[in-house]
């Protein structure tokens, strides 16, 4: 890891994140919040590869953020996402609010930080940090421990994540859109943290949104949004939506017998 982590991060994490615009490929598989669930991610990608075997043309895997925290293998999830995608696929990874919280924590580690209560301790443990001892360290030793255990490649990856992917009639983002604002005025904070009034406001005039962030027992398909966070860290159910421009949405899941056509 590069030295002086604390001097590298503040300069970069507060800059606006990239917003991507692309045209439709042949098929997109969008994956909800992973939260350290490496085995579920690997299993879901195997399903995706099998499902897409007969598809001709571009094939994307789009991950909707929240790769770290809560589950046991945040380190392994980041390694997996940094590695090349399955053959024949393009992978697009978007930022989630938990990546933002982790990066903020690296600039100012304290034992009182809210991030630790929202899954950060599990992330630290995945890097081999003894969390009980860590939270009692002075700040300088906290910084040194983080530098010694968290690879710079993981930090660079999280810092580089775009926040939005826009297609002609569909938007991919971690949390949602603010229905009180036009599409071009959405803030990074809204895109990372939004729940209400987005979740319950169907007539917004905004594009349809594919998102995670708000967990539920099943994926959600509504006219204005497709929600894919099924709480994998607690349920073992990681969900992907299979999206084609002129076809019904199809959900693939770990922990379920088969994909469902909805």
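Residue numbers (full-length UniProt numbering): 1 to 262.
From the three backbone atoms N, C-alpha and C, an ideal C-beta is built for every residue, glycine too.
query	result
Identity of the residue in 63, 78, 61, 234 nearest residue 152 by Cα	78
Length of the line joining the Cα atoms of residue 38 and residue 224	30 Å
Limits of the beta strand (DSSP E) - the one that residue 157 falls within	No beta strand (DSSP E) holds residue 157; the alpha helix (DSSP H) holding it covers 152-160.
Cβ contact check for the segment 16-33 and the segment 203-213: 3 or more pairs under 8 Å	yes
Whole-angstrom distance between residue 98 and residue 255, CA atom to CA atom	24 Å
Expected contact under 8 Å - CB spacing of residue 94 and residue 172 to nearest Å	6 Å
Length-filtered (3 minimum) beta strand (DSSP E) runs lying within the segment 109-181	164-167, 170-173
Entirely enclosed alpha helix (DSSP H) segments - the segment 178-202, minimum 4 residues	188-193
The alpha helix (DSSP H) enclosing residue 218, as first and last residue numbers	No alpha helix (DSSP H) holds residue 218; DSSP gives it neither H nor E.
Beta carbon of residue 252 nearer than 8 Å to that of residue 44	yes
Inter-residue Cα distance where the pair is residue 143 and residue 106	7 Å
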